[in-house]
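K.L.:
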Amino acid sequence: HAELVRRTLASACELGHVAIVTSSVRPWVDRSADQHLPSLDVPRLLADLGIPVLYAPECWSPGMENMGMVEAYTACKRTVMEEFFRSACGDRPLAHAISVGDSPVEREALKQAVQRWDQPAAANERPLCKTIKFMGDPSLKQLSSELQATVAWMQRIVSHESDIDVAIDPWDDAESKLRAPFGPEAC
20 HAELVRRTLA SACELGHVAI VTSSVRPWVD RSADQHLPSL DVPRLLADLG
70 IPVLYAPECW SPGMENMGMV EAYTACKRTV MEEFFRSACG DRPLAHAISV
120 GDSPVEREAL KQAVQRWDQP AAANERPLCK TIKFMGDPSL KQLSSELQAT
170 VAWMQRIVSH ESDIDVAIDP WDDAESKLRA PFGPEAC
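Position in the sequence shown (from 1) plus 19 gives the number in my numbering.
#1: Determine the contact status of K149 and S122, defining contact as a CB-CB distance below 9 angstroms.
#2: Does the distance from the C-beta atom of M154 to that of L34 stay below 9 angstroms?
#3: Less than 9 angstroms between the beta carbons of C108 and L68, yes or no?
#4: Pull up the distance between the alpha-carbon of V40 and that of A66, whole angstroms please.
#5: Leaving out five residues on either side along the sequence, give the residues of the same chain with a beta carbon under 8 angstroms from the beta carbon of A132.
#6: Quick check: what's the CA-CA separation for P146 versus L197?
#7: Quick one: what's got a C-beta closer than 6 angstroms to K130's C-beta in the same chain, skipping five residues either side?
#8: Between which residues of its own chain and A114 is the CB-CB distance below 8 angstroms, once the five residues before and five after are set aside?
#9: Does the beta-carbon of V119 have 16 or more other beta-carbons within 10 angstroms, so that it is buried, or is it exposed?
#10: Could you give the first and the last residue of the continuous alpha helix (DSSP H) run that contains L147?
#11: Note down, in chain order, each residue of its chain lying with its Cβ closer than 8 angstroms to the Cβ of L23, except the 5 sequence neighbours on either side.
#12: According to the Cβ coordinates, are A94 and M83 closer than 9 angstroms?
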C-alpha cells in the first residue's frame, strides 16, 4: 500500500501543484503516516515532491465560533485552499482545481473556493472544479481500489474540460465511478 500512496502522490505532482489539506491538527499527517505507512518516509516523500501539508484549523479566526462545526471546518479548508492557489498560481489564471478526499467538507470547500476565485483579467472563464470524494472509513482493500482508480484516471480527470463531481460509496466500483464522467465510450 505504501508504494501505491507514493505513486499516487508522484503522479499527481507530474500533472500540477499538489497540497495536502487536513482538518486535523499538526502533526497529524506525520503521526498517521508513522502508524499506517511505517515503510514509507512520508515527510521525506512530501519534501522531495514539494507537497506542503496545510492544517486548516490554523486559520481559525474569532468570528468562526458562531458557525456550526461543519461550516467552520469548510471555511478553514476553503481559506487554506485559496491561499495555496495564490501561492501556486501567482498572477497566472487557475485553470482547474481538484480535491480528492474522504469528507464532504473538502468537497464543499473546493466548490466554494473555485466559485469565489478572482481570475486575472486575462482569463476568460472561471476555473474548473473537480471533486472526488472517497468513501469514509474504507477498508485497506477499498482504499487501495480508490487510489488505483485515481492513478489510472488522473490524466483524464485533469484534462477534462468541464467540472467533475464524483462520490465513491462502499458498494461502488471505484474504477466505474471515475470513468462515469467521461461517458460510456471511455475505456
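We put the beta carbon where it would ideally sit given N, CA and C, even for glycine.
P.N.:
Let me lay it out:
#1: no
#2: no
#3: no
#4: 15 angstroms
#5: R97, M100, E101, F104 and A116
#6: 20 angstroms
#7: C148
#8: P146 and L147
#9: buried
#10: First-last for L147: L147 to K152, but that is the beta strand (DSSP E), not the alpha helix (DSSP H).
#11: S163, L166, Q167 and V170
#12: yes
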